[in-house]
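Visitor: Residue numbers (this note's numbering), protein chains in the order written: chain A, 29 to 364; chain B, 27 to 268.
Got a structure here, written out as structure tokens. Questions coming.
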């Protein structure tokens with residue numbers, strides 16, 4: 029596993045976070061889940077702070093949903109331990125843990141013959157919540173569905189159903205909110221609406237454990253991400269992961285190919301190596317782009333080159349993800 | 027145990043049934059079928075029928091009445107868990123603080139209450155028809171305290187058996203249709219005993235009635251415990267054993 033990071037971006041304050049300061053919302057320690065001989069996930073360890081939005085990424089079958097179900101007390105871990113919302117993950121604590129958390133599964137699983145409000149009323153009862161009407165109104169307002177309270181769920185679009193699922197998960201003011209692929213199967217507009225809702229929750233300090241394989245979603249919404257492929261491959265802030273996995277590079281483009289690129293690029297301060305990337309295009313590995321870029325510009329100008337572009341190559345979270353998942357694929361192919 | 031959570035499931039189930047056309051039609055048609063047959067049979071009995079033949083026909087008619095609480099809940103109970111699983115609504119419910127016992131009791135009560143309402147209503151209609159339109163001698167032979175007591179007591183007991191057996195099958199099934207077929211079959215054994223009693227193969231007595239009632243009551247009470255143990259969240263969510 030890549031080195032975990034403890035550094036986090038400055039966070040907003042919230043009453044919930046302040047109240048819980050100093051504790052972790054989730055502490056997962058060498059957790060493993062097997063179904064017979066099949067390993068769903070193995071030796072997974074991480075922590076999630078209160079108020080944090082934690083992204084859990086991985087390809088299909090990586091064990092993301094099984095991890096959520098295990099932390100949500102639906103499945104019993106095969107090995108390892110965890111503390112969920114301040115309580116050890118044991119069978120005896122199951123009811124109390126479930127009272128403190130909420131899980132929105134990939135499919136919201138609404139009772140389609142019931143109205144939106146009736147669905148929420150049922151769940152308010154299951155959580156034994158006081159002031160049911162007030163809470164339902166607040167949850168529906170949070171997802172902009174107050175005017176659809178009396179509509180049967182069967183009449184709602186997939187995106188609206190997802191929003192009802194989110195409202196249902198918010199009813200009990202959970203300490204930890206697990207969102208399992210919340211935008212799966214949604215069109216871009218509906219997905220953006222869900223993103224905005226999650227962003228709103230994030231700003232209000234709700235602890236969110238978000239599983240997704242949409243990398244731009246994780247990059248946009250999450251403070252930290254973990255990449256799981258049965259085992260935990262890496263964990264950290266998206267920008268840290270980029271730095272861990274990829275060396276800094278500059279892309280240099282000139283109008284015409286350099287006649288002696290080695291003499292122009294090779295000796296420049298801060299350039300560790302370079303290679304051609306097509307005609308008049310060069311990729312340079314540098315120690316620090318802010319130092320190397322001006323030096324390279326001067327060297328190119330001195331050599332009489334017509335410079336079209338000097339830009340830092342930006343690696344996305346997708347690059348990090350693919351790099352790690354490809355490593356796994358290659359390792360498996362090697363073993364075969 | 028939380029009655030608030032049990033009530034939440036109970037109310038949700040009743041609302042769901044009310045809007046489910048298939049369930050409403052099933053719950054309405056089956057009892058009608060089982061009330062038309064005995065009424066026709068009672069009116070077809072000749073007044074001059076021998077005492078033994080009369081007892082046999084009356085026994086058969088009353089048996090029809092007991093088929094209602096045995097079979098009506100079987101289909102609903104067998105659907106209760108596996109149906110939710112197929113719809114994808116089970117997992118969200120299981121992520122709430124509800125305990126298996128509370129979930130199952132809520133489900134069972136939601137099947138029991140309409141079953142009792144329908145069964146007693148059908149028996150009331152049957153008695154009204156007999157009292158109003160049957161020959162007084164036949165009506166007198168039917169409307170007797172022991173018959174009424176048996177119907178009143180055995181209706182919830184038989185329904186309880188069908189419900190717990192149906193829910194047990196539902197909790198272990200992967201397919202709604204199979205669960206419903208098995209549930210209906212499993213509701214029949216207590217009816218066999220009732221049939222033997224109705225036809226006089228087993229001689230009716232207060233002691234026997236009380237004994238059978240107590241046995242069914244014990245089975246119903248144990249049923250809840252047994253089904254709660256059989257209810258395996260892991261298996262229901264993933265399809266594999268924990």
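Here a beta-carbon is modelled for each residue, glycine too, at the ideal position from N, C-alpha and C.
Here the structure is a predicted model, which is why all the values come from computation and not from measurement.
Hey, residue 199 of chain B and residue 205 of chain B are a contact pair by Cβ (cut 8 Å); roughly how many whole angstroms apart?
Guide: The pair is a contact, with the Cβ atoms about 4 Å apart (cut-off 8 Å).
Visitor: From the DSSP output, which residues share a beta bridge with residue 25 of chain A?
Guide: In this structure chain A extends from 29 to 364, so residue 25 of chain A is not present and cannot be described.
Visitor: In whole angstroms, what separates the C-alpha of residue 265 of chain B from that of residue 105 of chain A?
Guide: Computed Cα separation, rounded: 16 Å.
Visitor: How big is the Cα-Cα spacing for residue 34 of chain A and residue 76 of chain A?
Guide: With a pLDDT of only 38 at residue 34 of chain A, under the threshold of 50, the placement of this residue in the model should not be trusted, and no figure is reported.
Visitor: Tell me whether residue 239 of chain B sits in a helix, a strand or coil according to DSSP, three-state version.
Guide: Residue state, collapsed to three classes: helix.
Visitor: Would you kindly report the start and end of the unbroken beta strand (DSSP E) that includes residue 171 of chain A?
Guide: Looking at the DSSP string, residue 171 of chain A is not in any beta strand (DSSP E), and its letter there is neither H nor E.
Visitor: Go to residue 173 of chain B, then tell me how far its beta strand (DSSP E) extends in each direction, as first and last residue.
Guide: Segment 171-198 is the alpha helix (DSSP H) holding residue 173 of chain B; no beta strand (DSSP E) there.
Visitor: Please list, in chain order, the chain A residues whose beta carbon lies closer than 9 Å to that of residue 258 of chain B.
Guide: Ordered by position in chain A, no residue passes the 9 Å Cβ test against residue 258 of chain B, which lies about 10 Å from the chain.
Visitor: How is residue 145 of chain B classed by DSSP in three states: helix, strand or coil?
Guide: Looking at residue 145 of chain B - three-state DSSP - the assignment turns out to be helix.
Visitor: Span of the beta strand (DSSP E) holding residue 108 of chain A?
Guide: Segment 107-112, the beta strand (DSSP E) holding residue 108 of chain A.
Visitor: How big is the Cα-Cα spacing for residue 102 of chain B and residue 84 of chain B?
Guide: Taking the straight line from one Cα to the other gives about 29 Å.
Visitor: For residue 48 of chain A, which residues from the same chain have a beta carbon less than 6 Å from its beta carbon, with the 5 sequence-adjacent residues on both sides left out?
Guide: Annotation note: pLDDT 47 at residue 48 of chain A (below 50); position unreliable, coordinate value reported separately. If we look at residue 48 of chain A and ignore the five residues flanking it on each side, its Cβ neighbours are 78.
Visitor: Identify, in the order they occur along the chain, each residue of the same chain with its Cβ nearer than 8 Å to the Cβ of residue 46 of chain A, setting aside the five sequence neighbours on each side.
Guide: Residue placement at residue 46 of chain A is flagged as unreliable, the pLDDT there being 40, under the threshold of 50; the coordinate-derived value follows with that caveat. Excluding sequence neighbours, residue 46 of chain A sits near nothing in its chain.
Visitor: What span of residues does the beta strand (DSSP E) with residue 71 of chain B cover, start to end?
Guide: Segment: none, residue 71 of chain B is in no beta strand (DSSP E) and carries neither H nor E.
Visitor: Suppose contacts are defined by Cβ-Cβ distances below 9 Å. Is residue 270 of chain A in contact with residue 353 of chain A by that definition?
Guide: Taking 9 Å as the Cβ cut-off, residue 270 of chain A and residue 353 of chain A do not qualify as a contacting pair.
Visitor: Any residues in the region 257-290 of chain A with a beta carbon nearer than 8 Å to a beta carbon of chain B? Which ones, in chain order?
Guide: Cβ contacts with chain B come from no residue of the region 257-290 of chain A.
Visitor: Within 8 Å, do at least three Cβ pairs link the region 110-128 of chain A to the region 167-181 of chain A?
Guide: No, they do not touch.
Visitor: Who pairs with residue 337 of chain A in a beta bridge, going by DSSP?
Guide: For residue 337 of chain A, which the question treats as bridged, DSSP gives the partners A:281.
Visitor: Comparing C-alpha positions only, which one of B:130, B:162, B:235 sits nearest to residue 35 of chain B?
Guide: Out of B:130, B:162, B:235, B:130 has the C-alpha closest to the C-alpha of residue 35 of chain B.
Visitor: Over what stretch of residues does the beta strand (DSSP E) that includes residue 54 of chain A continue unbroken?
Guide: 52-63 is the extent of the beta strand (DSSP E) around residue 54 of chain A.
Visitor: Taking only the alpha-carbon atoms, compute the straight-line gap between residue 250 of chain B and residue 127 of chain B and give it to the nearest angstrom.
Guide: The straight-line gap from Cα to Cα measures roughly 7 Å.
Visitor: How about residue 94 of chain B and residue 141 of chain B: are their beta carbons less than 9 Å apart?
Guide: Contact: yes.
Visitor: If you check the beta carbons only, do residue 82 of chain A and residue 254 of chain A fall under 9 Å apart?
Guide: Going by C-beta atoms, residue 82 of chain A is nearer than 9 Å to residue 254 of chain A.
Visitor: Would you kindly check if the distance between the Cβ of residue 240 of chain A and the Cβ of residue 211 of chain A is under 9 Å?
Guide: Contact: yes.
Visitor: I need the DSSP call for residue 227 of chain B, collapsed to helix, strand or coil.
Guide: The answer is coil: DSSP assigns residue 227 of chain B none of H, G, I, E or B.
Visitor: With a cut-off of 8 Å, do at least 3 Cβ pairs link the region 341-348 of chain A to the region 286-304 of chain A?
Guide: Flag = no, the region 341-348 of chain A and the region 286-304 of chain A do not touch.
Visitor: Near residue 328 of chain A, what residues of its chain come up, given a Cβ to Cβ distance below 6 Å and the 5 sequence neighbours on each side ignored?
Guide: Answer for residue 328 of chain A: 335, listed in chain order.
Visitor: Is the beta carbon of residue 194 of chain A sitting closer than 9 Å to the one on residue 237 of chain A?
Guide: Contact: no.
Visitor: Express the C-alpha separation of residue 320 of chain A and residue 32 of chain A in angstroms, rounding to a whole number.
Guide: Unreliable placement is indicated for residue 32 of chain A, whose pLDDT of 41 sits below 50; the coordinate value is still reported in the next sentence. Residue 32 of chain A and residue 320 of chain A: Cα-Cα distance of roughly 29 Å.
Visitor: Using the three-state DSSP reduction, which class does residue 257 of chain A fall into: helix, strand or coil?
Guide: Here residue 257 of chain A sits in strand by DSSP.
Visitor: How is residue 177 of chain A classed by DSSP in three states: helix, strand or coil?
Guide: Of the three classes helix, strand and coil, the one that applies to residue 177 of chain A here is coil, per DSSP.
Visitor: Taking 8 Å as the line, does the beta carbon of residue 335 of chain A fall inside it for any heavy atom of the ligand COA?
Guide: With respect to the ligand COA, the structure shown offers nothing to examine, as it has no ligands at all.
Visitor: Among B:56, B:196, B:211, which has the Cα closest to the Cα of residue 254 of chain B?
Guide: Of the listed residues, the one whose Cα sits closest to residue 254 of chain B is B:196.
Visitor: What residues from the region 139-159 of chain A come within 7 Å of chain B, judged by C-beta to C-beta, listed N to C?
Guide: Listed by position, the residues of the region 139-159 of chain A near chain B (Cβ gap below 7 Å) are 139, 141, 142, 146, 150, 151, 153, 154, 155, 156.
Visitor: Let me know the secondary structure DSSP gives residue 84 of chain B once reduced to three states.
Guide: In the structure shown, residue 84 of chain B sits in a helix (DSSP, three-state: H, G or I).
Visitor: Which whole-angstrom value is the C-beta distance of residue 181 of chain A and residue 189 of chain A, which I expect to be below 8 Å?
Guide: Residue 181 of chain A to residue 189 of chain A, Cβ: 6 Å. Contact.
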